[in-house]
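Report on one structure; see the data block that follows.
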Amino acid sequence: KSGAVVLSQVVHPDITVAIEDKTIIVTRPSDEKQHRALHGLTRSLINNMVVGVTQGFSKNLDINGVGFKATKQGKKLVLNVGFSHPIEVEEPAGITIEVPAQNKIIVKGADKQLVGEIAAKIRAFRTPDAYKGKGIKYDFEVLRLKEGKTGAKGKGKAK
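Using our numbering, read the sequence shown as starting at 38 and increasing by one per residue.
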């Protein structure tokens with residue numbers, strides 16, 4: 038909890054979470070494989086919440102393609118990515134979507150899972166093309182482009 042940002046997480050009944058002297062302690066009942074897995078999961082989720090509230094999470098998306106662009110209208114992200122109509126994405130509570138340039142989108146928020154889901158949803162509208170790389174991709178994503186047809190270039194119909 039930090040200012041207006043409050044995150045909560047449901048914990049498995051076998052795992053106990055306690056706060057002692059500004060330290061969060063996660064304990065498990067035994068060393069069984071499932072308890073170890075749940076212990077690690079709970080610890081990781083709590084860590085993500087602490088980092089999200091203190092620093093926040095962000096995902097950067099790049100748009101590549103002729104005429105492809107993103108704009109912001111109030112709380113809506115409007116994408117023009119080659120369809121007959123613009124795509125509108127509503128900004129959910131706790132998430133901010135920024136458009137610093139027509140070909141860049143930044144999704145920010147305290148909830149790591151929600152930030153990732155919204156970024157993936159935006160990317161899914163036009164995933165990068167395998168031949169030209171047109172579409173929406175993450176900024177860290179490296180595309181391996183395929184070669185086109187080899188015999189098609191410069192050959193007309195022979196009569």
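Positions of the beta carbon are idealized from the N, C-alpha and C atoms, including for glycine.
Check whether the segment 128-146 touches the segment 78-87, counting contact only when three or more Cβ pairs, one atom from each stretch, lie closer than 8 Å. no
If contacts are defined as beta-carbon pairs under 8 Å, then residue 153 and residue 93 qualify, I think. What distance do you get, rounded to the angstrom? Their Cβ separation, rounded to whole angstroms, is 13 Å, which puts residue 153 and residue 93 out of contact at 8 Å.
Excluding the five sequence neighbours on either side, which residues of its own chain have a C-beta within less than 8 Å of the C-beta of residue 112, listed in chain order? 127 and 128
How about residue 168 and residue 180: are their beta carbons less than 8 Å apart? no
Run through DSSP, which three-state label would residue 52 get? coil
How many Å lie between residue 49 and residue 123 at the Cα? 43 Å
Counting only runs that start and end within the segment 92-159, where is the alpha helix (DSSP H) found for 4 or more residues in a row? none
Assuming residue 170 contacts residue 163 under a Cβ cut-off of 8 Å, what Cβ separation, rounded to an integer in Å, is found between them? Not really, about 11 Å apart at Cβ, beyond 8 Å.
According to DSSP, what are the bridge partners of residue 164? Answer is none; residue 164 lacks a bridge partner.
Count the other CB atoms, across all protein chains shown, that sit within 10 Å of the CB of residue 87; report buried if there are 16 or more and exposed otherwise. exposed
Going by C-alpha distance, which of 53, 160, 60 and 62 is nearest residue 72? 53
At which residues does the beta strand (DSSP E) containing residue 169 begin and terminate? That residue, residue 169, is in no beta strand (DSSP E); it is neither H nor E in DSSP.
For residue 98, the nearest candidate out of 175, 64, 184 and 85 (CA to CA): 175
Which same chain residues, not among the five before or five after residue 64, have their C-beta less than 6 Å away from its C-beta? 53
For residue 174, which three-state DSSP category applies? strand
Straight-line CA distance for residue 84 to residue 70? 21 Å
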